[in-house]
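Just so we're aligned, residue 1 is where the sequence shown starts under full-length UniProt numbering, counting upward by one.
All C-beta atoms in this analysis are idealised placements derived from N, C-alpha and C, irrespective of residue type, glycine included.
Notes follow the structure.
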Amino acid sequence: MHTFSLREYHISHGSASYSMPSFAYLAVSRAGAMMEHMAVILEKDLKRGHDALVQWRAAALELADNTPHRLTTSPVLPRPVWAMAVRYSLFLLERRAPGPGVEVRVAPWGAVKILDGPESDPHNLTPPDVIELDPEVWLRLACGITTWAEEKDAGHISAVGERDDLSDLLPL
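The structure is reproduced here in structure tokens:
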């Protein structure tokens, strides 16, 4: 199981500066030129997104440690924390596996296209492979609370297409 790195990098953007764990540094450092194409999170919200994901993960781990049912872990946090955590984690996924071949949807807060492969045609903007997840399922996977196989076996993942398994990319 992967964990978030404790090593931090100092990031400066305009007049703002902050530190973030190394798992996010690469994503943010490469985001500059690609940011205008990225709709899942705004550049100005990267710090808030990072903080929200860390907050969600800490709350989820505490819950998971106190219950035998990791597949139902869903911390009670404000809606904006959930939204930012989802958007930021999708941003990290998109940076880890860029491409137009698979659309990952986490309604209502975001969707990204990842992995190389067949693109959508001009008449249908949806690629041939689509994965839909509820926010709590996505965040459990992104944070390593559960595995792809566990969530798939529990019926929590809706996936259409040949590339319907993101286990090699998760946890983030």
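For residue 163, the secondary structure class from DSSP, reduced to helix, strand or coil, is coil. It is roughly 13 angstroms from the alpha-carbon of residue 99 to the alpha-carbon of residue 128. When C-beta atoms of the region 135-154 are compared with those of the region 73-88, three or more pairs fall below 8 angstroms, so the two segments count as touching. In this structure, the beta-carbon distance from residue 90 to residue 110 falls below 7 angstroms.
Put simply, the region 76-90 touches the region 41-60. At least three CB pairs are less than 8 angstroms apart. By the C-beta density criterion, residue 149 is exposed, having fewer than 16 other C-beta atoms within 10 angstroms. When secondary structure is reduced to three states using DSSP, residue 98 falls in the strand class.
Annotation: residue 46 is outside any beta strand (DSSP E); the continuous alpha helix (DSSP H) that includes it extends over 46-65.
Secondary structure at residue 137: helix, using DSSP grouped into helix, strand and coil. Taking every protein chain shown into account, the CB of residue 67 has fewer than 16 other CB atoms within 10 angstroms, so this residue is exposed.
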